[in-house]
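Using my numbering, the first residue of the sequence shown is number 69, and each one after it goes up by one.
The beta carbon of each residue, even a glycine, is placed where N, CA and C say it ideally should be.
Model, not experiment: these values are computed from the prediction.
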Amino acid sequence: MLQESPQCLLSLILDKWSADQNTNQIFTLDTGWVTRGRFEEETRKAAVGIYRSGISANDRVLIFPDRSFEFLRVYLATLRLGAVAVMANPEYTESELAHLVALSKPTAFWTRSESKASFLNELGEAGIHLGGFAGPGSHLASSKGKLLRIADSPTGNGEVSLDFSQGTDSALVFFTSGTTGKPKGVLMSHGSLGSNLKALQEIWEWAEHDELLLSLPLFHMHGLGVGINGSLALGSKVVILPKFEPSLVASAISSYDISMFFGVPTMYTRLLASGDASLLAGLRLSVSGSAPMGIELHQSLRAILGNYVVERYGMSEAAMISSNPYNGMRIPNSVGPPLPGIAVDIESESSEILVKGPNLFDGYLGDLGSTEASFDHLGRFRTGDSGFIDDSGYLVISGRLKDLIITGGFNVYPREVEDVLSKHPGVTDVAVVGKPSQQWGEEIVAFVVADGVSPEELMSGCALELVDYKRPKKIVFLDSIPKNSMGKTLYKDLKAAVG
Ligand code: AMP
């Protein structure tokens with residue numbers, strides 16, 4: 069079923085705010101519960117304050133989110149002003165920051181970090197017009213360096229026009245994870261984000277009475293684009309934890325009326341290890357994404373939860389693409405059928421997953437070449453992931469094309485070898501890469517985190533399940549596999565280590 073017209077993220081949020089002012093909407097540690105009415109009022113005042121400091125519609129505001137209400141106020145105020153929120157990972161190094169500032173050319177930034185503020189101001193002097201918000205409180209510095217307390221801005225909109233964004237207007241920029249290359253800035257419209265949330269509402273039966281527990285980072289599509297935006301646009305509640313920690317998840321589930329948990333596979337692994345995963349059994353819906361969950365983890369969780377965790381597939385450029393259903397058959401290791409209104413095809417030669425629908429982005433910032441190259445002649449987005457559609461119409465991801473290993477002329481996806489190695493009960497994590505080799509082109513190296521397991525045992529397990537060219541030539545034991553904050557394996561670091 070194709071959606072008729074894109075839904076505007078901001079309009080969806082405003083509709084909920086105006087429908088009911090008194091319901092609690094968001095809980096953060098710094099402020100406690102905030103009602104829809106207070107959220108509306110605070111973000112309106114902040115938008116006026118931001119406007120008065122010289123930022124207007126279509127400007128870009130670089131935001132380093134933390135998990136505070138203060139961040140949410142600045143983020144929503146930016147959207148209400150018609151400006152574009154550029155989301156940056158607070159962990160970025162200075163050289164990564166310089167790269168994303170060069171791409172996104174922000175007019176202003178918001179951070180609580182003094183060192184980031186002074187670094188960004190230096191970049192500003194180098195020719196980029198930057199204003200700045202400085203911590204620790206709710207301060208906003210204009211481009212002239214004058215500090216303005218957002219909270220001091222007058223009530224009433226005065227001459228400031230707010231809330232005029234349409235579906236086609238830009239809302240957000242997310243940066244791709246950069247696990248294989250430099251991050252790209254992905255421009256997302258209000259319509260793409262809003263329509264995607266309506267599709268999730270249908271498939272996850274996401275309702276106003278839901279209460280989401282969110283411990284994901286908020287600079288990313290998963291935490292912000294789905295978790296925060298979804299709760300606001302669909303009118304449910306969200307409890308935001310200051311960080312992910314199994315004990316914090318456990319106490320939040322005991323203290324609040326939580327019905328949904330969104331996480332990445334490493335969070336579920338940690339909840340299992342701490343013994344807190346059983347608390348998820350009381351929730352209506354647990355969702356996993358951003359990285360493959362793996363069949364072993366799926367089965368272990370199912371034994372505790374009574375059903376499979378709902379695994380979904382998404383990316384910065386396309387929001388959520390497919391998902392196992394809330395109500396209906398869930399298949400582990402599959403990411404479910406495409407969401408309503410989204411078409412998924414597989415390119416026959418490369419097996420690349422191609423996507424078309426209202427969910428797609430508007431282009432990479434400052435990179436027309438990459439934008440053009442990422443669409444085929446039918447306007448389908450090339451995801452860079454490969455996969456297939458199984459007999460039930462569910463999508464199965466084999467791996468990222470960039471991680472494909474070509475050994476002795478044969479194609480091997482790391483995921484296939486990783487899945488086999490993960491079956492050994494002593495193995496807790498694994499990542500497979502190709503090492504340049506004169507003889508093979510690339511040879512397979514497996515990095516394994518394991519307790520009391522010998523390389524021979526792992527090799528014989530592989531011999532039972534994998535044709536010889538897919539078996540690792542070398543196994544390296546590590547204490548942990550390098551991952552980013554979304555739980556994605558940093559293959560480029562592992563490749564650099566063996567290359
Ligand atoms: P990002 O743009 O940072 O959200 O990264 C998107 C990438 O994460 C996708 O292209 C996939 O490679 C990967 N990804 C997301 N969800 C899944 C999943 N459920 N299983 C496997 N890979 C996933």
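Taking 8 Å as the cut-off, is the C-beta of residue i nearer than that to any heavy atom in the ligand AMP?
{"i": "Tyr394", "result": "no"}
{"i": "Ile131", "result": "no"}
{"i": "Val403", "result": "yes"}
{"i": "Met289", "result": "yes"}
{"i": "Gly303", "result": "no"}
{"i": "Ala565", "result": "no"}
{"i": "Thr91", "result": "no"}
{"i": "Thr111", "result": "no"}
{"i": "Phe242", "result": "yes"}
{"i": "Ala359", "result": "yes"}
{"i": "Asp453", "result": "yes"}
{"i": "Gly253", "result": "no"}
{"i": "Met383", "result": "yes"}
{"i": "Met335", "result": "no"}
{"i": "Glu379", "result": "yes"}
{"i": "Ser356", "result": "yes"}
{"i": "Ser245", "result": "yes"}
{"i": "Met397", "result": "no"}
{"i": "Lys560", "result": "no"}
{"i": "Arg448", "result": "no"}
{"i": "Arg468", "result": "yes"}
{"i": "Met256", "result": "no"}
{"i": "Lys424", "result": "no"}
{"i": "Met155", "result": "no"}
{"i": "Lys551", "result": "no"}
{"i": "Met25", "result": "Residue numbering for the chain in the displayed model covers 69 to 567; residue 25 lies beyond these limits and cannot be assessed."}
{"i": "Lys250", "result": "no"}
{"i": "Lys556", "result": "yes"}
Name the two residues that bound the continuous beta strand (DSSP E) containing residue i.
{"i": "Phe139", "result": "Careful: Phe139 lies outside any beta strand (DSSP E), inside the alpha helix (DSSP H) at 137 to 148."}
{"i": "Trp272", "result": "From DSSP, Trp272 is part of no beta strand (DSSP E) but of the alpha helix (DSSP H) over 258 to 272."}
{"i": "Ala345", "result": "That residue, Ala345, is in no beta strand (DSSP E); it is neither H nor E in DSSP."}
{"i": "Ala166", "result": "Counting along the chain, Ala166 falls outside any beta strand (DSSP E), though it belongs to the alpha helix (DSSP H) covering 162 to 172."}
{"i": "Ala176", "result": "176 to 178"}
Give me whichever residues DSSP pairs with residue i in a beta bridge.
{"i": "Met155", "result": "Ile131"}
{"i": "Gln509", "result": "Note that residue 509 corresponds to Gly in the displayed sequence, not to Gln. DSSP lists Ser505 as partners of Gly509."}
{"i": "Ala514", "result": "Val500, Ile543"}
{"i": "Pro406", "result": "Ser390"}
{"i": "Gly455", "result": "Ile465"}
{"i": "Glu313", "result": "Glu313 pairs with nothing; no bridge assigned."}
{"i": "Ile414", "result": "Ile421"}
{"i": "Phe329", "result": "Leu281, Ser354"}
{"i": "Leu255", "result": "Val241, Gly431"}
{"i": "Gly382", "result": "Met388"}
{"i": "Gly100", "result": "Thr96"}
{"i": "Lys538", "result": "Answer by DSSP bridge pairing: none, since Lys538 is not bridged."}
Let's see if you can read the secondary structure: which residues bound the alpha helix (DSSP H) around residue i?
{"i": "Asn92", "result": "Where Asn92 is concerned, there is no enclosing alpha helix (DSSP H), although the beta strand (DSSP E) it sits in stretches over 92 to 96."}
{"i": "Lys113", "result": "104 to 120"}
{"i": "Asp471", "result": "It is not in any alpha helix (DSSP H) - Asp471 carries neither H nor E in the DSSP assignment."}
{"i": "Ile308", "result": "Counting along the chain, Ile308 falls outside any alpha helix (DSSP H), though it belongs to the beta strand (DSSP E) covering 305 to 308."}
{"i": "Arg483", "result": "482 to 490"}
{"i": "Met527", "result": "523 to 533"}
Measure the CB-CB distance between residue i and residue j and report whether it falls below 9 Å.
{"i": "Leu292", "j": "Met155", "result": "yes"}
{"i": "Lys470", "j": "Phe449", "result": "no"}
{"i": "Val306", "j": "Phe139", "result": "no"}
{"i": "Gly455", "j": "Ile414", "result": "yes"}
{"i": "Ile123", "j": "Val116", "result": "no"}
{"i": "Ala239", "j": "Ser257", "result": "yes"}
{"i": "Leu489", "j": "Leu526", "result": "yes"}
{"i": "Val485", "j": "Lys563", "result": "no"}
{"i": "Val516", "j": "Leu546", "result": "yes"}
{"i": "Gly529", "j": "Lys556", "result": "no"}
{"i": "Asn297", "j": "Ile81", "result": "yes"}
{"i": "Met397", "j": "Ser460", "result": "yes"}
{"i": "Phe187", "j": "Glu162", "result": "yes"}
{"i": "Arg148", "j": "Thr91", "result": "no"}
{"i": "Phe330", "j": "Pro133", "result": "no"}
{"i": "Pro393", "j": "Gly404", "result": "yes"}
State the CB to CB distance for the pair residue i and residue j, rounded to an integer number of angstroms; the pair is presumed to be in contact (CB under 8 Å).
{"i": "Ser304", "j": "Asp325", "result": "Between Asp325 and Ser304 the Cβ distance is about 11 Å, and since that is not below 8 Å, they are no contact."}
{"i": "Gly357", "j": "Tyr376", "result": "Between Tyr376 and Gly357 the Cβ distance is about 13 Å, and since that is not below 8 Å, they are no contact."}
{"i": "Arg104", "j": "Lys84", "result": "6 Å"}
{"i": "Val317", "j": "Asp344", "result": "6 Å"}
{"i": "His27", "j": "Met554", "result": "Summary: the structure shown does not reach residue 27, with the chain confined to residues 69 through 567, and so no result is reported for it."}
{"i": "Ile372", "j": "Ser346", "result": "5 Å"}
{"i": "Gln75", "j": "Gly374", "result": "Actually they do not touch by this definition, with Cβ atoms about 34 Å apart."}
{"i": "Leu261", "j": "Leu77", "result": "4 Å"}
With respect to 8 Å, is the separation between the Cβ of residue i and the closest non-hydrogen atom of the ligand NAP below this value?
{"i": "Ile465", "result": "By its list of ligands, the structure shown excludes the ligand NAP, since it contains just the ligand AMP."}
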